[in-house]
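Take a look at the structure set out below.
In our numbering, the protein residues as written are 14 to 244.
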């Protein structure tokens, strides 16, 4: 009897996990060009919705006014220096001056006493400037965070990208998912999945070139997302 209860519990847990991932709103930030040279600029877009990396779900005058909840929209340079950004209708423009990896970040938070309860969603995008690797592993201090252990810009189709998952600054063992722009799910919501170990490290298989998003969630409504481009 205990074995049957255990199996049923696993099934229910799996169904809940899939439902949460496919039904909850996700926050992400992406850019028009992920590879720049010194002195160049690009446009960034904040997305919030169900269709990951879709331009149709960029945040532009949503009735719920999610834009008011976006906090700490920042550009972090390869040396760790932060510059605050002010998006307009879910987008904005940035310029880069240093070689290395710039990180764009944004967060969306809701308090426990607000409708639907507490929530925290955190997003990062990685922009390669020149060829230096400096800056890609910068820790932003988000409540839940994905940190690449190799420079995403150097990953090729068929490679595995190791990432570390932190929750409240500690390694988290959980499922990590990845998808790419224009992916059309048939059976699986995500084309790539892995589970992080006790050190919080997971290896995500990158199957093709293009814009990728890696996603992790914990405690019902806390989620972290990173976006990058595979050449």
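All C-beta atoms in this analysis are idealised placements derived from N, C-alpha and C, irrespective of residue type, glycine included.
Every value quoted in this text rests on a predicted model; they were computed, and no experiment measured them.
query	result
Ordered list of alpha helix (DSSP H) runs contained in the stretch 96–131, each at least 4 residues	none
Member of 207, 221, 194, 214 whose CA lies at the smallest distance from the CA of residue 240	194
The stretch 170–186 in contact with the stretch 44–59 per 3-pair CB rule at 8 Å	no
Status (buried if at least 16 other CB within 10 Å, exposed otherwise) for residue 36	With a pLDDT of 44 at residue 36, under the threshold of 50, the modelled position of that residue is not reliable, and the figure given next carries that caveat. With fewer than 16 other Cβ atoms within 10 Å, it is exposed.
Where the beta strand (DSSP E) through residue 179 begins and ends	173–180
Proximity of residue 140 and residue 117 at Cβ, strictly below 8 Å	yes
Burial state of residue 189 (16 or more Cβ within 10 Å)	buried
Outcome for residue 108 when other beta-carbon atoms lying within 10 angstroms are tallied against a minimum of 16	exposed
Proximity winner among 236, 114, 223, 231, relative to residue 242 (alpha-carbon distances)	223
The beta strand (DSSP E) enclosing residue 61, as first and last residue numbers	54–62
Beta-carbon contacts of residue 45 that lie in its chain and below 7 Å, excluding the five residues immediately before and after	55, 56
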